[in-house]
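The sequence shown begins at 54 in my numbering and counts up by one.
Just so you know, even glycine gets a beta-carbon here, dropped at the ideal spot from N, CA and C.
Scroll down for the structure; my scribbles are underneath it.
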Amino acid sequence: TRTSKPKRILAYVEKHAVPGDAESVVNAIDAYCSRVEWAMNVGSDKGKILDRVVSETDPDTVLELGTYCGYSTVRIGRLLRPEARLVTIEMNPDNAKIAKQIIALAGLNSKIEMLVGSSSDLIPQLKKKLDMKTLDLVFLDHWKIFYLPDTRCLEETGLLHKGTVLLADNVVCPGTPEYLKYIRNSSRYRSEYFPSRLEYLQVEDGLEKSVFLG
Ligand SMILES: Cc1ncnc2c1ncn2[C@@H]1O[C@H](/C=C/CNC(=O)c2cc(-c3ccc(F)cc3)cc(O)c2O)[C@@H](O)[C@H]1O
Ligand SMILES: [Mg+2]
């Protein structure tokens with residue numbers, strides 16, 4: 054069937070990345086999306102901030118909302134300890150299929166589990182399904198209107214603990230106004246904005262890091 058952008062990204066990664074080398078997978082996607090066609094990966098500028106937050110948090114359990122092609126999934130997974138676990142949720146089965154192959158190529162299958170479905174359906178099941186005690190880090194990068202309802206759901210299902218870090222992409226572009234208004238005004242979070250650039254462009258964007266205070 055006709056190719057899609059995720060399929061073209063996978064083809065480029067298969068050609069240019071080194072199997073088992075997660076760094077080369079990240080670099081291959083960045084090379085393709087900066088030279089050939091733009092794609093909504095967190096990218097290397099915001100990716101460096103993501104790397105620092107992941108390393109400082111040193112999480113045992115990570116939840117990613119919105120896998121897309123798996124760029125940030127691999128970016129996060131490559132920094133996790135062997136016993137750490139990353140669950141990534143993706144509702145588009147075509148994207149999930151591509152991302153699974155990219156994650157496998159990066160050699161990260163042992164640390165990463167992908168759930169195919171809507172986050173609003175799957176978050177309530179996380180607690181029992183994966184024996185998820187609580188989450189140490191959540192990376193929000195799915196449709197921007199879902200950031201707030203999913204955060205509320207995470208609170209209500211008891212998946213957040215004192216110190217859980219929420220890291221949200223695109224709080225400037227495309228923007229997540231309702232989420233920012235809630236999280237910055239809530240006494241249950243301490244938030245910090247990290248200014249950066251929209252992936253592969255010179256447009257302002259940034260990440261919002263919010264620590265749950267319990
Ligand atoms: C509730 C639910 N459940 C499960 N999967 C879900 C889900 N909601 C979405 N997904 C999945 O996640 C990805 C979608 C990501 C959405 N990201 C963006 O829209 C985005 C857009 C830009 C952008 C910036 C400037 C422009 F001019 C145009 C676009 C940049 C970005 O970084 C983005 O992340 C996609 O794979 C979708 O299936
Ligand atoms: Mg994004």
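By DSSP's assignment, Ile176 forms no beta bridge with any residue.
The segment 158 to 168 and the segment 85 to 97 do not touch, with fewer than 3 CB-CB distances between them shorter than 8 Å. The segment 229 to 244 and the segment 78 to 93 do not touch, with fewer than three beta-carbon pairs separated by less than 8 Å. Classified as buried, Asp258 has 16 or more neighbouring CB atoms from the shown chains inside 10 Å of its CB.
The three-state reading of DSSP puts Val95 in coil, since its state is none of H, G, I, E or B. When the Cα atoms are used, Lys60 and Gly170 turn out to be separated by approximately 20 Å. Cβ contact annotation for Glu117 (same chain, cutoff 8 Å, sequence separation greater than five): Ser125, Thr126, Ile129, Leu139, Val140, Thr141, Ile142, Val191, Phe192, Asp194, in chain order. When the beta-carbon positions are compared, Ser172 and Asp203 come within less than 8 Å of each other. Taken through DSSP and simplified to helix, strand or coil, Lys262 comes out as strand. Lys197 has its Cβ nearer than 7 Å to a heavy atom of ligand 1. Per the coordinates, the alpha-carbon of Val256 lies some 18 Å from the alpha-carbon of Lys197. Thr114 is bridged by DSSP to Arg138.
Taking C-beta atoms as the reference points, Ile155 and Cys122 count as a pair closer than 8 Å. In chain order, the residues that have a beta carbon nearer than 6 Å to some heavy atom of ligand 2 are Met93, Val95, Asp194, Asp222, Asn223.
Within the DSSP secondary-structure output, Phe199 pairs in no beta bridge. With a threshold of 7 Å, the Cβ atom of Leu251 counts as near ligand 1, since some heavy atom of the ligand is closer than that. Here DSSP, grouped into helix, strand and coil, assigns Arg55 to coil.
Under the DSSP assignment, Thr126 falls in the alpha helix (DSSP H) whose first and last residues are 124 to 130. When the beta-carbon positions are compared, Tyr232 and Leu251 stay at least 8 Å from each other. By the 16-neighbour rule on beta-carbons within 10 angstroms, Lys68 is exposed.
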